[in-house]
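Visitor: Residue numbers (the working numbering), protein chains in the order written: chain A, 863 to 1012; chain B, 173 to 312.
#1: Residues of chain B with CB under 9 Å from residue 958 (chain A), in chain order?
#2: Distance check for residue 915 (chain A) and residue 183 (chain B), CA to CA, integer angstroms please.
#3: Against chain B, with Cβ distances strictly below 8 Å, would residue 969 (chain A) count as a contact?
#4: Residue 295 (chain B) to residue 269 (chain B), Cα distance in whole Å?
#5: State whether the segment 919-929 of chain A contacts the segment 959-971 of chain A, with contact taken as three or more CB pairs (one from each stretch) at a distance under 8 Å.
#6: Taking Cβ positions, are residue 993 (chain A) and residue 957 (chain A) nearer each other than 8 Å?
#7: Against chain B, with Cβ distances strictly below 8 Å, would residue 911 (chain A) count as a contact?
#8: Look at the alpha carbon of residue 984 (chain A) and the alpha carbon of residue 186 (chain B), and state the distance between them as a whole number of angstroms.
#9: Just to confirm the assignment, what range does the alpha helix (DSSP H) spanning residue 239 (chain B) have?
#10: Quick one: is residue 247 (chain B) near chain A, going by C-beta distance under 8 Å?
#11: Could you check how far apart the C-beta atoms of residue 174 (chain B) and residue 311 (chain B) are, in whole angstroms? I think they sit under 8 Å.
#12: Quick one: does residue 977 (chain A) have its CB under 8 Å from some CB of chain B?
#13: Taking the continuous alpha helix (DSSP H) assigned at residue 278 (chain B), which residues delimit it?
#14: Does the distance from the C-beta atom of residue 908 (chain A) to that of residue 954 (chain A) stay below 8 Å?
#15: At a CB distance below 7 Å, what residues from the segment 882-898 of chain A approach chain B? Give them in sequence order.
What follows is the structure, encoded as structure tokens:
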């Protein structure tokens, strides 16, 4: 199989299930299945994932100073959609293929909002689809500005 | 582990408090488990001084993950066919979230009956933070 390998580990499922506050027995033990949103955690296995600090590389969060918002770094998660072909099981390896989807824009209260889709297909070792995930991100056009959230 | 069609009715709903007084540590716990270490969610100084927010806020995926429990506790963790949400507003430390899942329709398909849900998670002010839909397989 080609694609980014995502080894699905029982301990990782346990930690993820704890983090979402769900201690259902189906998510525990060596024969666990994964909770519905678990494939997001494939980020841990993506060598190029940009939201994980790396040794010997700059990180944009605070240290001695407050950190710095990257240009276009004001992106937020607008929508998330999953289609399930079968449950994800501990002990298997999935292979993730990500492609860009549609992109569009809207006029918000504070200017243009740029939306873009990212489509990830998680397949098993036989190439059969397991989970299809669509992420919609929204980025306000222009430099990061103070937010009046809330 | 699936529900059978006579165990579920159109219009029926389930409600559950997902979290009371969300603590920052819960957000850190989700960052670690998911691998999403965006400092907007875990680094108060960055969120305020570099990004201009009032403070850190939860990953949308934490709310989606917590909301999913209401679906899987009802329909069974192996029965989901689809689950999709829109993130409507930020979730802040201190928030109390309540999710409601409602049966919209039950459809007969060539692969057996399928239940369609709508879902809605609100904060302590009644404001929607997540809305969405889901579908699950029922026992034939």
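By construction, the Cβ of each residue, glycine as well, lies at the ideal position given by its N, Cα and C atoms.
Guide: Straight from the coordinates:
#1: Ordered by position in chain B, no residue passes the 9 Å Cβ test against residue 958 (chain A), which lies about 13 Å from the chain.
#2: Separation of residue 183 (chain B) and residue 915 (chain A) (C-alpha to C-alpha, rounded to the nearest whole angstrom) is 46 Å.
#3: So, not an interface residue.
#4: Linking residue 295 (chain B) to residue 269 (chain B) through their CA atoms gives a straight-line distance of about 5 Å.
#5: When C-beta atoms of the segment 919-929 of chain A are compared with those of the segment 959-971 of chain A, fewer than three pairs fall below 8 Å, so the two segments do not count as touching.
#6: Taking 8 Å as the Cβ cut-off, residue 993 (chain A) and residue 957 (chain A) do not qualify as a contacting pair.
#7: Closer than 8 Å to the CB of residue 911 (chain A) there is at least one CB belonging to chain B.
#8: Roughly 31 Å between the two C-alpha positions.
#9: Looking at the DSSP string, the run of the alpha helix (DSSP H) that includes residue 239 (chain B) is 232-247.
#10: It does not: the Cβ of residue 247 (chain B) has no partner Cβ on chain A nearer than 8 Å.
#11: About 5 Å separates the two Cβ atoms, so the contact holds.
#12: Look at residue 977 (chain A): its C-beta is not under 8 Å from any C-beta on chain B.
#13: Residue 278 (chain B) -> not in any alpha helix (DSSP H); beta strand (DSSP E) instead, spanning 269-281.
#14: No; because the gap between Cβ atoms is not below 8 Å, this pair is not in contact.
#15: When C-beta distances to chain B are compared with 7 Å, the residues of the segment 882-898 of chain A below that value are 882, 883, 884, 886, 888, 895, 897, 898, in chain order.
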